[in-house]
Amino acid sequence: MMKRYASEPNSLPFMVRLTADMSYRGIMHINQCSGSLLPNGDANFSNTVLTSGHCLLFENDLYHKQGVVYAKFGVHRLDISSSEVLSLKSNNYFVQPLFLRWHTEAYDIGIVKFSTPVLFNHSIQPICLPSFHNYQPDFRECYTAGWRGVGGNSNLYWKFLSQMRLKVIECKHKHRLTSFSVLKPICADGLINGQYIYDGDSGSPLFCLVNNTWIQYGILSSTFAPCDQVTEIVFTAVWNYLRTGLNKRSLTMTG
1 MMKRYASEPN SLPFMVRLTA DMSYRGIMHI NQCSGSLLPN GDANFSNTVL
51 TSGHCLLFEN DLYHKQGVVY AKFGVHRLDI SSSEVLSLKS NNYFVQPLFL
101 RWHTEAYDIG IVKFSTPVLF NHSIQPICLP SFHNYQPDFR ECYTAGWRGV
151 GGNSNLYWKF LSQMRLKVIE CKHKHRLTSF SVLKPICADG LINGQYIYDG
201 DSGSPLFCLV NNTWIQYGIL SSTFAPCDQV TEIVFTAVWN YLRTGLNKRS
251 LTMTG
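With the first letter of the sequence shown counted as 1, position 50 gets the number 50 in UniProt numbering; the numbers rise by one all the way through.
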């Protein structure tokens, strides 16, 4: 199993850097997160980014529509300007309503819509999603990625888009799930090569290589970290929301 390392430029063109200004009633609150660019049928553009729901909240509990989400597409290194990077902002975002009530990982999903189309090129491409009708996940080679937290404080590549291979496991901490919900998250082992690892940015995708194609199966929601050692990384399962397509309507599913 591999540990964290800086990704090659343009190797993960679906990754989106998000800065969510959820300031409210004079109190500043900024969330630094990641997201993934979603496909738009056969079109050569998209205007939809998938991320975690808690990235779009004020102090992790209040949802309001007065915030602004700033996005960077095609970015690899944060401290260097590039003509390949597209910067947009939006105040059009949605959070799964049941997440606001239960705050469980099964519902930790959010969508950001942009009025300006994001055109695809060699540095900006959408991630593929699993088939809803024939869902057969392939977790043999899976990763997460991000700019901030991947590898924790020991990450020497924090300015770069970094990625880390993960091992998908059965979720061990059942108390993190709601007993009534049929929507279950996806979990990954927090122990690789005998060392504990740290999660990437919230909202980062869990993506796996299937037939030479990146498939997104999850959205980074939280970690279970007793004694500051991450033992389990929890992802919201994307498949739960594919029945009606990933849009505002699908986020109203009750499970």
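We treat Cβ as the ideally placed atom computed from N, Cα and C, and that holds for glycine. Just so you know, these numbers come straight off a predicted model, no measurement behind them.
- DSSP-derived helix/strand/coil call for Cys-171: Translated into the one-based positions of the sequence shown, residue 171 becomes position 171. It is coil, neither helix nor strand.
- Any chance the region 39-46 sits against the region 55-68, with 3 or more Cβ pairs inside 8 Å? no
- Item | For Leu-100, the first and last residue of its enclosing alpha helix (DSSP H) | By 1-based counting over the sequence shown, the position of residue 100 is 100. Where Leu-100 is concerned, the enclosing alpha helix (DSSP H) stretches over 97-102.
- Where Asp-61 and Lys-159 are concerned, what is the direct C-alpha to C-alpha distance, given to the nearest angstrom? Taking the sequence shown and counting its residues from 1, the one referred to as residue 61 is at position 61. Taking the sequence shown and counting its residues from 1, the one referred to as residue 159 is at position 159. Taking the straight line joining both Cα atoms gives about 29 Å.
- Closest by C-alpha distance to Gly-74, when choosing among Leu-209, Asn-121, Cys-208: Taking the first residue of the sequence shown as position 1, residue 74 is located at position 74. Out of Leu-209, Asn-121, Cys-208, Asn-121 has the C-alpha closest to the C-alpha of Gly-74.
- Task: Taking Asp-189 as part of the beta strand (DSSP E), name the residues at either end of that continuous run.
- Result: On the sequence shown, position 189 is the one that residue 189 refers to. From DSSP, the beta strand (DSSP E) with Asp-189 extends over 186-189.
- Item | Test item: CB-CB of Gly-35 and Gln-96 under 7 Å | For this step, residue 35 is matched to residue 35 along the sequence shown. For this step, residue 96 is matched to residue 96 along the sequence shown. No, these two residues do not count as a Cβ contact at 7 Å.
- Sort Trp-147, Ser-83, Phe-94 by Cα distance to Phe-114 and report the nearest one. What you label residue 114 is simply residue 114 of the sequence shown in a count that begins at 1. Checking every option, the nearest Cα to that of Phe-114 belongs to Phe-94.
- Item | Residue span of the beta strand (DSSP E) that contains Ala-106, given as start and end | Working through the sequence shown from its first residue, we reach residue 106 at position 106. Ala-106 -> no beta strand (DSSP E), and no H or E assigned at all.
- Query: Using the beta-carbon count (16 or more within 10 Å), is Arg-17 buried or exposed?
  - Reply: Within the sequence shown, numbered from 1, the residue matching residue 17 stands at position 17. With 16 or more other Cβ atoms within 10 Å, it is buried.
- Query: Which of helix, strand or coil does DSSP assign to Gly-41?
  - Reply: Locating residue 41 in the sequence shown gives position 41, counting from the first residue. Of the three classes helix, strand and coil, the one that applies to Gly-41 here is coil, per DSSP.
- Keeping to the same chain, check which residues put their C-beta closer than 6 Å to that of Pro-9; ignore five residues upstream and five downstream. Locating residue 9 in the sequence shown gives position 9, counting from the first residue. Hits under 6 Å: His-76.
- Mind reading off the beta-carbon distance from Ile-111 to Trp-214? Whole number of angstroms is fine, and I expect it under 8 Å. As a first step, residue 111 must be located in the sequence shown, where it is residue number 111. As a first step, residue 214 must be located in the sequence shown, where it is residue number 214. 19 Å between Cβ atoms; not a contact.
- Take the Cβ of Pro-117 as the centre, count every other Cβ of all protein chains shown within 10 Å, and call the residue buried at 16 or more, exposed below. Counting from one through the sequence shown, the residue named residue 117 turns up at place 117. Counting Cβ neighbours within 10 Å, Pro-117 comes out exposed, since fewer than 16 surround it.
- Length of the line joining the Cα atoms of Leu-161 and Ile-27: Within the sequence shown, the letter at position 161 stands for residue 161. Within the sequence shown, the letter at position 27 stands for residue 27. Answer to the nearest angstrom: the Cα atoms are 30 Å apart.
- Query: What's the gap between the Cα of Pro-205 and the Cα of Asp-108?
  - Reply: The sequence position of residue 205 within the sequence shown is 205, counting from 1. The sequence position of residue 108 within the sequence shown is 108, counting from 1. Computed Cα separation, rounded: 12 Å.
- Message: What does DSSP give as the partner residue(s) for Met-164 in the beta ladder?
- Response: Locating residue 164 in the sequence shown gives position 164, counting from the first residue. DSSP lists Thr-144 as partners of Met-164.
- Residue nearest to Phe-14 in terms of C-alpha spacing, selected from Thr-104, Glu-141, Leu-86: Residue 14 sits at position 14 when you count from the first residue of the sequence shown. Minimum Cα distance to Phe-14 is reached at Leu-86.
- Query: Going by C-alpha distance, which of His-173, Gln-32, Thr-48, Ala-20 is nearest Asp-201?
  - Reply: Here residue 201 refers to the residue found at position 201 when the sequence shown is read from its first residue. Looking at the Cα atoms, Gln-32 is the closest of the given residues.
- Task: Would you kindly check if the distance between the Cβ of Gly-203 and the Cβ of Thr-51 is under 7 Å?
- Result: The residue labelled residue 51 in the question sits at position 51 within the sequence shown. The residue labelled residue 203 in the question sits at position 203 within the sequence shown. The answer is yes: Cβ separation under 7 Å.
- Closest by CA to Met-22, which one among Ser-90, Glu-105, Pro-130, Ser-222? Locating residue 22 in the sequence shown gives position 22, counting from the first residue. The residue with the shortest Cα to Cα distance from Met-22 is Ser-90.
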